[in-house]
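These protein sequences, in sequence, are chains A and B. So the mapping is simple: the numbering used here equals the position in the first sequence, first residue as 1, plus 1068. So the mapping is simple: the numbering used here equals the position in the second sequence, first residue as 1, plus 1068. Idealized CB from N, CA, C, for every residue including glycine. From a predicted model like this one, the values you see are computed outputs, not experimental measurements. Everything on this sheet refers to the single structure shown next.
There are 2 protein chains.
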Amino acid sequence: MSQGEMLGPVDSAVGYVLKQVTVALRNSMDVALRPLHLTVSQYACLELLGQRPGLSNAELARGAFVTRQSMNVVLRGLEDRGLVTRPATALRGRELPTVLTDTGRAHLRTASVTIREIEKKMCAGLTPAQQEELLAALATCVRNLAP
Amino acid sequence: MSQGEMLGPVDSAVGYVLKQVTVALRNSMDVALRPLHLTVSQYACLELLGQRPGLSNAELARGAFVTRQSMNVVLRGLEDRGLVTRPATALRGRELPTVLTDTGRAHLRTASVTIREIEKKMCAGLTPAQQEELLAALATCVRNLAP
DNA sequence: TCAGCTATGTCAGTATCCTGACATGGCTCA
DNA sequence: TGAGCCATGTCAGGATACTGACATAGCTGA
Chain A
1069 MSQGEMLGPV DSAVGYVLKQ VTVALRNSMD VALRPLHLTV SQYACLELLG QRPGLSNAEL
1129 ARGAFVTRQS MNVVLRGLED RGLVTRPATA LRGRELPTVL TDTGRAHLRT ASVTIREIEK
1189 KMCAGLTPAQ QEELLAALAT CVRNLAP
Chain B
1069 MSQGEMLGPV DSAVGYVLKQ VTVALRNSMD VALRPLHLTV SQYACLELLG QRPGLSNAEL
1129 ARGAFVTRQS MNVVLRGLED RGLVTRPATA LRGRELPTVL TDTGRAHLRT ASVTIREIEK
1189 KMCAGLTPAQ QEELLAALAT CVRNLAP
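Now the structure itself:
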């Protein structure tokens, strides 16, 4: 059992292997982002803001699959370090549109490169067509599970 | 933005979609297991024990992708409810081989059926061949990320 | 034989994320 | 116009998982 690790029925369950990949990916991202002093949540936040500037806290939370409360503390951390900025007062409703600072953009650039390398490494051995199919299959899974 | 939800580059990143599926699957499992008074971690533990009886705490932890400490509290909960049993004293080394009780086996059976239905629903629209390819692609990803 | 290494179970403290709740601002419809 | 409803930001409390540390049991090699 120690290393022979015969594969049982669990290893043929999609959910199990899915979890396996997610954990491995998260760990890899974690160690890769540590030198940049960024958590995975913080990176996700920066990436979202880089692609869609002006997102509110709630929108960022949905995009990063966490609650508004969790995203709020992430944003505070990034704000304290000067990576993002939020207006002191809301222009429309209660939304506080967040944008990257120059420092934030710089951090995002290096982090983004690192993460893309990890994804590349993860998908090594898969042909572009297979990657497309993987992406499509996963998208189908998401759709099927949507309430 | 509220619902139009144009898809940006994040949606073409494997890691992002992967996270999306994982979250959706976890939520589905969560609500499905709630009537059975089981958490996802507890179910994972039962499933592992059902397939490989006599697993130790550390082995279960590795199988469920959590630490020994976390699995220990899970195990205590299951033990208090009479779903699993551990010998009071170790036979070999410090390992305490855990096994399912009859009640535990019964719980596992109903939970297992429920979860399999969710996986079935998730993979609806994918041909058996596509499911195989999905599984193979994910396995490749795991291998590529292994340290 | 025995020192060194590894693995296991467990305790304590911490971090992270979530649920519940509240007040506020905007929208809709009678 | 105004009541009802939804969304947002935020505060407080609790659940869950993790890191760090320790003692113990077994294996390995000098």
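Check	Outcome
Contact check, B/G1172 vs B/V1152, beta carbons under 8 Å	yes
Whole-Å CB distance - B/L1213 paired with A/L1104, under 8 Å assumed	Contact flag wrong, Cβ pair sits at about 19 Å.
Given B/T1223 as reference, the closest of B/S1124, B/T1135 and B/H1175 once Cα atoms are compared	For residue 1223 of chain B there is no data in the structure shown, the boundaries of chain B being 1069 and 1215.
B/K1188 versus A/R1136 - alpha carbon distance	31 Å
Interfacial residues, the region 1127-1144 of chain B to chain A, with Cβ spacing under 8 Å	E1127, G1131 and F1133
Cβ-Cβ separation, B/L1203 to A/V1085 (assumed contact under 8 Å), whole Å	6 Å
CB contact flag (B/H1175, B/L1114, <8 Å)	yes
Continuous alpha helix (DSSP H) stretch holding A/C1113: start and end	V1108 to Q1119
Ordered list of beta strand (DSSP E) runs contained in the region 1136-1180 of chain B, each at least 3 residues	none
Residue environment, B/S1096, which counts as buried when at least 16 other CB atoms sit within 10 Å	buried
Chain B contact for A/S1180 (CB, 8 Å cutoff)	no
Counted within 10 angstroms of its Cβ, other Cβ atoms place B/G1193 as buried (16 or more) or exposed	exposed
Of the residues A/G1150, A/A1126 and A/T1178, the one placed nearest A/M1139, counting alpha carbons only	A/A1126
Reduced DSSP category for A/A1214 - H, G, I as helix; E, B as strand; rest coil	coil
CB contact flag (B/V1082, A/M1190, <8 Å)	yes
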